[in-house]
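Q:
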Amino acid sequence: MEASAPLADHIKPEPREWQLRALWVGARMLCGAAAFFFMAFLFAYFYLRSLDVNKSWKIGTVNPPTGFGVGIVVVLVASAVLLRMASKRPTEALPLGLTALALALLSVVLQVIAWTTLGFGPASGGYASVYVGWTAWYAVFALACVYWIETQVASIWRMGREGVKRPRAEGVPADDVELLGAGLEACSLFWAFYVALGVIAWVVLYLV
Amino acid sequence: MSAIAVTTEKPPAWRRLIGFNLLTAIVLGIAGYLIGYWIGGRINTPSTAFFSAEAGENDISVFLGYGFGVIGFLIGLGFANYPVRRLLGYPPTLAEHESADEGLGRYFRLCTDHKVVAMQYMIGIGFFFAIGGLNAMLIRTELLNPNSHVFGANQYLTLVGMHGSMMMGMMTSSILGPFANWLVPLMIGSRRMAFPRIEAFTFWLLMAAGVILITTIFFGGFQTGWTGYQPLGSQGTAGYDAYVGFFALVGVSMTLLGFNLLATIITMRAPGMTWTRLPIFVWGVVSTAILMLLASPMLAAALFMGAFDRTVQTAFFVPGNGGSSFLWQNLFWVFGHPEVYIVALPGFGIALELLPVFCRKPLWGYRIAVAGMLGVTLLSFFVWQHHLFVSGINADLRPFYMLSTELISIPTGFIFLCAMGTLWRGRIRLTVPMLFVLGWAFNFLFGGISGVFLSDAPSDVTTHGTFFSMAHFHYTIMGGLVFTFFAAIYYWIPKMTGYKLSEVLGKVHFWTLFLAFNATFGPLFALGFMGMPRRVVTYPTSLQPLNDWVTVCAYAIALSMLVFLYNVVASLIFKREPEVANPWNSKSPEFQLPTPVPVHDFDRIPVFDADPYPYGVEPTPAPTVAPAGGTA
Amino acid sequence: MNEVNHFRRVLLIWLVASTIATPLVIFVLAPIVPPGNGTVESAGQVTDNTVLFGLSTPIALAVIVWFLYAVIVFRERDTSGAVLDGPPLRGDARIQMWWVVITTAIVLFLAGYGTVRLLSDGSGGGQGPNPIAAPSQAKDPPLRVQVIAQQWQFTYRFPGYGGVETQHLEIPAHTTIELNVTSLDVIHSFWAYQLGVKADANPGENNIAYVTTKQPLTFNIRCAELCGVWHGYMFDTGRVVTKAQFAAWISAQRLTYAPATKSLPPYSNTYFPDPQRLGG
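Taken in order, these protein sequences are the chains called S, A and L.
Quick note, the first sequence lines up with residues 1 to 208 if you use our numbering.
Quick note, the second sequence lines up with residues 1 to 632 if you use our numbering.
Quick note, the third sequence lines up with residues 1 to 280 if you use our numbering.
Next comes the structure, spelled out in structure tokens:
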């Protein structure tokens, strides 16, 4: 199924730093895109609150679930810290990574439970709308991050189990160990940034 | 020549159809849609619908249907294979199905060869461009007579919305998709893009998006036009969900396309290809990609809010419940304005890239051209409220946005300065690509000047929301981007396919398009000044002669496109007259490679040591790119 | 021909063309510059547009003359022979500097002029609930008229006249009118062409635009923001009439609509009708 194969002899491979640098640059650019995405919700929050159209910023009693909020933020921050540590400490990467993965998944589960026990519905005004929309999409992309973290953890596990088997194949400039290190660094950086966006969301939605 | 070992025996044709390809994708896409729709039917709770037009419609079903359908489509193409392997921890790889042995089959599946993806984009975007163009012809047909109507009111508005959405969704990628994907690696000396699978993904996602937009007709169409204004969008039929689905996918595709191009250009430049040696086309790509990366997510967010309003009854845009129509307008236009520069900047890049070749002179003012492009990119984030001068949004800000919008014409002017400087004392050859570049210059000049009228808030009071602003953006987008799109096609198709396009037919295409285009859209400025608002089915009878003239000229535009289509089919499919490797005597890297360009592009990663436009230097320096085949 | 002569020729052609074309454009267009001189605001827009036309003509000509001259004079005559290159001119810092200076000056002038124009009387545009530019109020407060947009008709309420809601708009001449534009459902836009007024109607928001009328005239009202299937049919004709005629008209309207006025909601800047309405 895999269609790549060693390069023919007269074809020289690409520089090895390319793929490593691409991962480094890519993670940072994704941070930019994510920031702009959630900026729209940040803007929506303050805008609708200042306009208070039809005095319907909050219809009835609308209080966010503060306990869940704190819980989710704590779990997220712990996950980000652990994953970043995994990136810096190759020897303990697997246990740290696994824990980070579990915590990331837990944060999404907690958010889902929080939704089911909300004291208000999405139609309860501007605040409720922003709360539901913002947390929902945050959770969706958090799941995407969970996938990414899983691939890194699984790669660490498989490399630990099978060792470095493949020589540099066509189309893969860097070798697998370097690539894994770069991938983990990129993933942990993005996840840390994403969690920071989550902390900002928590501050705005729960504290302000 | 192939980088991949040749397989010995090929299975029979019917057997080769089974696998991860377009056919499987379509089947799984339809299956996914049905599954999603069914799940949505189970979920639908009696909704406290804000507008009773929604009665009987289940938006959750439609959205879930689209979502599962797209996932099924992507799985069918094979996009899930690599993620599953990665989930299991296998190391990353960069290539899939790049072997030339697979022949035409590569174009109907997930292929990571950037040249294949570029051709896929070309055909795919061409197809949807034709549909958008057909919609335009139908719109103009409706406007022949203010009193007798060809279409129902809802049908007409859906046509208007489909035309605008199709064009803005598809043509934003019309240069970056086909041309940047093909050229950027070659121009910077790399063999591939930084993330080849993502490259293929952006293409197929765009195709799925286009199909979703067309399905709007099965759900009652949408009545908002491409700007999707709320709360009208939430009020209308479920066809609006198709609009949301379409643009959300387009937004993701655009974000990733820009992401990939930027990562490639930043990290994969060959030795010697410094930022100051980058071809101006690549700078155009950089400036566009920055906007694609950062602006598209904001559109996606706004669309998701709209989707929530329609499904779970949030109130982002419903004033009665705490939402605001201003919120949509701000969020849409904070994306929408960078979006139109996404459409304009690639045109600048193409025009300035081609002028040196056909004037036989270096690009005049390379650094100021780059400054112009980056200046446009930066400023485009600060002008969006000029779409909202009379909307009732904070009036204090209008002088600021007037200033920022006027200011953006300064970096735009740099592009013209460089074009004018390059032409001066050149040895100009009026080939078909050059004609289209000159057409671009003329059209964009009037597009830009009419933009100054619109940016002037007092003048805008009369022209906002009229055919004047329609004429303005058609001059900049169609007169600009579409003309450079054709310039690029006539210029690079001989290299990409290896065959000649008829020059005579090319010139017929250009002149009919140029004259018909100006005859169609010039009078629209007058119609706007005379009081005709946008998106109307009727108008005062006194405006009918002008409208009829415009419609007839629009048909002439369609005819010119048929000439182009005939040229493409006759030259590339039937005649197939081989073209030399460098028909334009260009000194650009891609033309130093043989035709067709081999799968792996370069035998050895090149080293660049000269200015990108070494024209007029005596003696002409030998090109520094080592051609594939092992020489130099 | 050497460099200087080419440039001088282009300059000369441009000067001649501009001197002929600019006055031509200004004077030929003068009687038809939109939106006409019917009100103070629209006359302001006419002046503004005239300035813009006058400035764009020489600018457009400069680019066109340059391009045409270059394409004609510097065209390669012998396209069949060897491909010869032109001189390797890469740029000129002085020319670039002048270009930046001149274009910046033009742009700043336009922005400044537009701002002055805009802030002097609002130019007839909608300014939201807290307008910052109003026409100088001579003696009286402006006549307040509310424009209510809904799918697919404009109606008008006069708070100073018992809150009566009328189907058509008549306003007195030589008066400053304060239009309060709002919507009951989706975004519309109140565009009174000859008055030089355009203000979006947003649901739940009040958008104020000013107009100072002059002589009596008839004006076309059109909806300028897509608002659903019958958007194209959302138009009307309004009239500016003498003060006496206006007084007579509004009294007659109050009489005719007296029973209806009783059942209307009280006058307010915004309305939030029951959301269960058909539309789209």
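Even glycine gets a Cβ: it sits at the ideal position worked out from N, Cα and C.
Keep in mind that this is a model prediction, so the values were computed, not measured.
Is the shortest distance between the beta-carbon of Pro265/L and the beta-carbons of chain S less than 8 Å?
A: As a working mapping, residue 265/L is identified with position 265 in the third sequence. No - not a single Cβ of chain S is within 8 Å of the one on Pro265/L.
Q: Please report the residue range of the beta strand (DSSP E) in which Trp191/L lies.
A: Against the third sequence, residue 191/L aligns to sequence position 191. Counting along the chain, the beta strand (DSSP E) containing Trp191/L begins and ends at 188-192.
Q: What residue ranges within the segment 128-188 of chain S form continuous alpha helix (DSSP H) runs of no fewer than 4 residues, ordered along the chain?
A: Runs of the alpha helix (DSSP H) inside the segment 128-188 of chain S: none found.
Q: For Leu169/L and Tyr161/L, which I take to be in contact (beta-carbon distance under 8 Å), what is that distance rounded to the nearest angstrom?
A: Walking along the third sequence from the start, residue 169/L turns up at place 169. Walking along the third sequence from the start, residue 161/L turns up at place 161. Their Cβ separation, rounded to whole angstroms, is 13 Å, which puts Leu169/L and Tyr161/L out of contact at 8 Å.
Q: For Ala95/A versus Ile605/A, is the C-beta spacing smaller than 8 Å?
A: Looking up residue 95/A in the second sequence gives position 95. Looking up residue 605/A in the second sequence gives position 605. In this structure, Ile605/A does not lie closer than 8 Å to Ala95/A by Cβ.
Q: I'd like to confirm the pairing. Which residues does DSSP put opposite Phe154/L in its beta bridges?
A: Your numbering for residue 154/L matches position 154 in the third sequence. The partner list for Phe154/L (beta bridge, DSSP) reads Ala149/L.
Q: By the criterion of Cβ-Cβ separation under 7 Å, what are the contact partners of Ala302/A in chain S?
A: As a working mapping, residue 302/A is identified with position 302 in the second sequence. Neighbours of Ala302/A on chain S, chain order: Ala40.
Q: Where does the unbroken alpha helix (DSSP H) through Pro411/A begin, and where does it stop?
A: Counting from one through the second sequence, the residue named residue 411/A turns up at place 411. Start and end: 409-423.
Q: Measure from the C-beta of Phe332/A to each C-beta in chain S and report whether the shortest distance is under 8 Å.
A: Residue mapping note: residue 332/A aligns to position 332 of the second sequence, counting from 1. It does not: the Cβ of Phe332/A has no partner Cβ on chain S nearer than 8 Å.
Q: Would you verify that the beta carbon of Met1/S is, or is not, closer than 8 Å to some beta carbon of chain A?
A: Counting from one through the first sequence, the residue named residue 1/S turns up at place 1. For Met1/S, the pLDDT reaches just 29, beneath the cut-off of 50, and the residue's location in the model is therefore unreliable, leaving the point undetermined.
Q: Could you tell me the distance, in whole angstroms, from the CA atom of Gly232/L to the CA atom of Val181/L?
A: Residue mapping note: residue 232/L aligns to position 232 of the third sequence, counting from 1. Residue mapping note: residue 181/L aligns to position 181 of the third sequence, counting from 1. Going from the Cα of Gly232/L to the Cα of Val181/L covers about 19 Å.
Q: Please classify Leu264/L as buried or exposed, where buried requires at least 16 neighbouring CB atoms within 10 angstroms.
A: In the third sequence, residue 264/L corresponds to position 264, counting from 1. Classification of Leu264/L: exposed, given that the 10 Å Cβ count is below 16.
Q: From which residue to which residue does the beta strand (DSSP E) around Ser183/L run?
A: Locating residue 183/L in the third sequence gives position 183, where the first residue counts as 1. Element bounds for Ser183/L: 176-183.
Q: At the level of alpha carbons, what is the spacing between Cys223/L and Asp185/L?
A: Position 223 of the third sequence, counting from 1, holds the residue named residue 223/L. Position 185 of the third sequence, counting from 1, holds the residue named residue 185/L. Cα to Cα, the separation comes out at about 14 Å.
Q: Counting along the chain, where does the alpha helix (DSSP H) carrying Phe517/A start and finish?
A: Reading the second sequence from its first residue, position 517 is the one you call residue 517/A. Unbroken alpha helix (DSSP H) run through Phe517/A: 503-529.
Q: Among His10/S, Lys58/S, Gly69/S, whose alpha-carbon lies nearest the alpha-carbon of Ser124/S?
A: Counting from one through the first sequence, the residue named residue 124/S turns up at place 124. Selected option, being the one with the closest Cα: Lys58/S.
Q: Inspect the CB distances between the segment 546-559 of chain A and the segment 498-517 of chain A and report whether three or more fall short of 8 Å.
A: Result yes; three or more Cβ-Cβ pairs closer than 8 Å.
Q: Let's test the definition: count the other Cβ atoms within 10 Å of the Cβ of Gly160/S and tell me whether it reaches 16, buried, or not, exposed.
A: For this step, residue 160/S is matched to residue 160 along the first sequence. When all chains shown are included, Gly160/S counts as exposed.
Q: Please tell me whether Met373/A has its Cβ less than 8 Å away from any Cβ of chain L.
A: Numbered from its first residue, the second sequence carries residue 373/A at position 373. False, the Cβ-Cβ gap to chain L never drops below 8 Å.
Q: For a contact defined as C-beta to C-beta under 8 Å, what are the partners of Tyr90/A on chain S?
A: Residue numbering aside, residue 90/A sits at position 90 when the second sequence is read from its first letter. Residues of chain S passing the Cβ test: Ser155, Arg158.
Q: Any C-beta of chain L sitting closer than 8 Å to the C-beta of Trp384/A?
A: As a working note, residue 384/A is residue 384 in the second sequence. Chain L contact via Cβ: absent.
Q: Pick from Phe38/S, Gly133/S, Gly163/S, Leu51/S: whose alpha carbon is nearest that of Ser325/A?
A: Start at 1 with the first residue of the second sequence, and residue 325/A comes out as number 325. For the residues Phe38/S, Gly133/S, Gly163/S, Leu51/S, the minimum Cα distance to Ser325/A belongs to Leu51/S.
Q: Taking only beta-carbon atoms, is Gly204/L less than 8 Å away from chain S?
A: For the purposes of this step, residue 204/L is taken as residue 204 along the third sequence, with counting starting at 1. Taking Cβ atoms only, chain S reaches closer than 8 Å to Gly204/L, which makes this a yes.
Q: Name the two residues that bound the continuous beta strand (DSSP E) containing Pro172/L.
A: Taking the first residue of the third sequence as 1, we reach residue 172/L at position 172. Unbroken beta strand (DSSP E) run through Pro172/L: 170-172.
Q: Comparing the C-beta of Phe310/L with each C-beta of chain S, is any distance below 8 Å?
A: The question about residue 310/L has no answer here: the residues shown for chain L are numbered 1 through 280.
Q: Would you tell me roughly how many angstroms separate the C-alpha atoms of Ala652/A and Ile131/A, rounded to the nearest one?
A: Past the edges of chain A, shown from 1 to 632, lies residue 652/A, and the structure says nothing about it.
Q: Between which two residues does the alpha helix (DSSP H) containing Asp460/A stretch?
A: Indexing the second sequence from 1 puts residue 460/A at position 460. Where Asp460/A is concerned, the enclosing alpha helix (DSSP H) stretches over 457-463.
Q: Kindly indicate which three-state DSSP category Ala86/S falls into: helix, strand or coil?
A: Residue 86/S sits at position 86 when you count from the first residue of the first sequence. The answer is helix: DSSP assigns Ala86/S an H, G or I state.
Q: Would a check of beta-carbon distances place Tyr233/L closer than 8 Å to chain A?
A: Position 233 of the third sequence, counting from 1, holds the residue named residue 233/L. Closer than 8 Å: yes.
Q: Would you kindly report the start and end of the unbroken beta strand (DSSP E) that includes Cys223/L?
A: Indexing the third sequence from 1 puts residue 223/L at position 223. Residues 217-223.
Q: Classify Ile18/A: buried if its beta carbon has 16 or more other beta carbons within 10 angstroms, exposed otherwise.
A: Stepping through the second sequence from its first residue, residue 18/A is reached at position 18. With fewer than 16 Cβ atoms within 10 Å of its Cβ, Ile18/A is classed as exposed.
Q: Could you pull out every unbroken alpha helix (DSSP H) segment of at least 4 residues lying fully inside the segment 18-90 of chain S, listed in chain order?
A: As far as the segment 18-90 of chain S is concerned, its whole alpha helix (DSSP H) runs of at least 4 residues are 66-88.
Q: Does DSSP classify Ile208/L as helix, strand or coil?
A: By 1-based counting over the third sequence, the position of residue 208/L is 208. In the structure shown, Ile208/L sits in a strand (DSSP, three-state: E or B).
Q: Helix, strand or coil: which one does DSSP assign to Tyr499/A?
A: Locating residue 499/A in the second sequence gives position 499, where the first residue counts as 1. Residue state, collapsed to three classes: strand.
Q: Can you grab the Cα-Cα spacing for the pair Met119/A / Val504/A, in whole Å?
A: On the second sequence, residue 119/A is found 119 positions in, with the first residue counted as 1. On the second sequence, residue 504/A is found 504 positions in, with the first residue counted as 1. Met119/A and Val504/A: Cα-Cα distance of roughly 24 Å.
Q: Ordered along the chain, which non-local residues of its own chain (more than five positions away) have a Cβ less than 6 Å from that of Pro131/L?
A: Taking the third sequence and counting its residues from 1, the one referred to as residue 131/L is at position 131. Same-chain partners within the cutoff: Ile208.
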